[in-house]
Amino acid sequence: MDDLAALARHQLAANRFLVLGTVDPDGRPRVSPVWFSLVDHRDLYWLSAPEAHHSCNVASRPEISAVAYDSAGDPATGQAVYLEATAERVPDDELDAACTAAFADVDDALSFTPTTLEEQPFVLYRARLTRVEVHVRGSDPEHGTGIDRRVAVEL
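Heads up, the sequence shown is in this note's numbering, so the first residue is 148 and it goes up one at a time.
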């Protein structure tokens with residue numbers, strides 16, 4: 148399964164957007180595309196307005212799901228990584244270290260500090276991964292079973 152974990156790490160490193168899944172107070176699912184960074188293969192970070200629908204959902208129900216994939220990829224060979232996590236707004240006393248980690252490997256135009264965030268309508272969110280799964284095509288020569296499925300991996 149090391150190759151599937153490597154595939155998950157590659158897919159997460161190759162993509163900067165994921166589809167974030169939250170749950171409304173009435174139990175309805177909500178999905179939102181967000182720019183993200185992954186730190187130490189365990190913490191997702193993204194910026195969002197605290198008034199955004201998905202941010203309000205995180206505040207009331209922190210369990211989230213997400214999927215990262217190449218939307219321009221060939222459907223016959225495309226890969227996806229499914230994530231489950233517990234999310235929160237990064238507390239003010241952790242913001243300096245979180246910004247340093249979250250924006251370490253990004254272009255300066257997308258990098259923020261606690262000071263520059265004060266000038267934005269955004270706040271920094273963090274989600275600690277609790278489960279990672281890789282999409283395995285049914286026709287995969289090594290792991291395929293004839294039916295597409297998800298396989299859990301450790302990053």
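Even for Gly, the Cβ is constructed at its ideal location relative to N, Cα and C. Given the structure is predicted, the values throughout are model-derived calculations rather than measurements.
Tell me where the beta strand (DSSP E) around R213 begins and ends.
Here residue 213 is taken as the residue at index 66 of the sequence shown, counted from 1. For the sequence presented, residue 213 should be read as Ala rather than Arg. Element bounds for A213: E210 to Y216.
L242 to G174, Cα distance in whole Å?
As a working note, residue 242 is residue 95 in the sequence shown. As a working note, residue 174 is residue 27 in the sequence shown. Spanning the two alpha carbons is a distance of roughly 31 Å.
Could you tell me whether the Cβ atoms of R275 and T233 are closer together than 8 Å?
Position 128 of the sequence shown, counted from the start, is the residue given in the question as residue 275. Position 86 of the sequence shown, counted from the start, is the residue given in the question as residue 233. Going by C-beta atoms, R275 is nearer than 8 Å to T233.
Pull up the CB-CB distance for V300 and L230, whole angstroms please, since I reckon it's below 8 Å.
For the purposes of this step, residue 300 is identified with residue 153 of the sequence shown, where counting begins at 1. For the purposes of this step, residue 230 is identified with residue 83 of the sequence shown, where counting begins at 1. That pair is no contact at about 11 Å.
Please tell me whether V228 and A244 are closer than 8 Å, where the distance is taken between their beta carbons.
To locate residue 228, count along the sequence shown from 1; it is residue 81. To locate residue 244, count along the sequence shown from 1; it is residue 97. Cβ atoms of V228 and A244: not closer than 8 Å.
Report the partner residues of D190 according to the DSSP bridge assignment.
On the sequence shown, residue 190 is found 43 positions in, with the first residue counted as 1. In the DSSP output, where bridge partners are listed per residue, D190 has V186 and R275.
Between the Cα of L151 and those of V283, D295 and T292, spot the shortest distance and give me the residue it belongs to.
Taking the first residue of the sequence shown as position 1, residue 151 is located at position 4. Among V283, D295 and T292, the Cα nearest to that of L151 is on V283.
In terms of residue numbering, what span does the alpha helix (DSSP H) encompassing A244 cover?
Numbered from its first residue, the sequence shown carries residue 244 at position 97. Counting along the chain, the alpha helix (DSSP H) containing A244 begins and ends at L242 to A249.
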